[in-house]
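Q:
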Amino acid sequence: MLRVKSLSKVVDVAKELKVIESKLEATVLEKLCLLTKEQEVIQAGIDYEMKEDKKEDKVDDADVKKMTEAVLKFVGEVKTIAKCP
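In the numbering used here, each residue carries its 1-based index in the sequence shown increased by 275.
1. Pick helix, strand or coil for K293, following the three-state DSSP scheme.
2. Given a threshold of 16 other Cβ atoms within 10 Å of its Cβ, counted over all protein chains shown, does L347 qualify as buried or as exposed?
3. Taking the alpha helix (DSSP H) that D328 falls in, what are its first and last residues?
4. Here's a check: name, in chain order, each residue in its chain whose Cβ is nearer than 7 Å to the Cβ of L309, leaving out the five neighbours to either side.
5. According to the neighbour-count rule (16 or more other Cβ atoms, all chains shown, within 10 Å of its Cβ), is A357 buried or exposed?
6. Should L299 go down as buried or exposed, given a rule of 16 or more other Cβ atoms within 10 Å for buried?
7. Would you check if the distance between the CB atom of V350 and the CB atom of T311 is smaller than 7 Å?
8. Report the rounded CA-to-CA distance for V288 versus E344, giving the unit in angstroms.
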């Protein structure tokens, strides 16, 4: 149950940030599939934020690589859980 609540929160944040748009009647899994289709948008946003932090010496290339790998892993897991086409 905790996993579903966490995934639902991810969807809610994605909607708030306007990464995805979904119909009210869509299930959490359908919304997660929409999110996986926006993987490039998410990565671009992370890249931007990380580069901004890098300008202020808050992160280095290793941090950026770790974050990118984490996003790719998350998207892969979501596709598996939601059984996205």
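C-beta: ideal position from N, C-alpha, C; glycine also.
Just so we're clear, the structure is a prediction, and the values are computed from it rather than from any experiment.
A: Judging by the given coordinates:
1. By 1-based counting over the sequence shown, the position of residue 293 is 18. The answer is coil: DSSP assigns K293 none of H, G, I, E or B.
2. Reading the sequence shown from its first residue, position 72 is the one you call residue 347. Exposed, by the Cβ-count rule.
3. Translated into the one-based positions of the sequence shown, residue 328 becomes position 53. From DSSP, the alpha helix (DSSP H) with D328 extends over 314-330.
4. Start at 1 with the first residue of the sequence shown, and residue 309 comes out as number 34. Correct list, in chain order: I295, S297.
5. Indexing the sequence shown from 1 puts residue 357 at position 82. Buried.
6. Against the sequence shown, residue 299 aligns to sequence position 24. With fewer than 16 other Cβ atoms within 10 Å, it is exposed.
7. Within the sequence shown, the letter at position 75 stands for residue 350. Within the sequence shown, the letter at position 36 stands for residue 311. Yes. Within cutoff.
8. As a working note, residue 288 is residue 13 in the sequence shown. As a working note, residue 344 is residue 69 in the sequence shown. When rounded, the distance between both Cα atoms is 20 Å.
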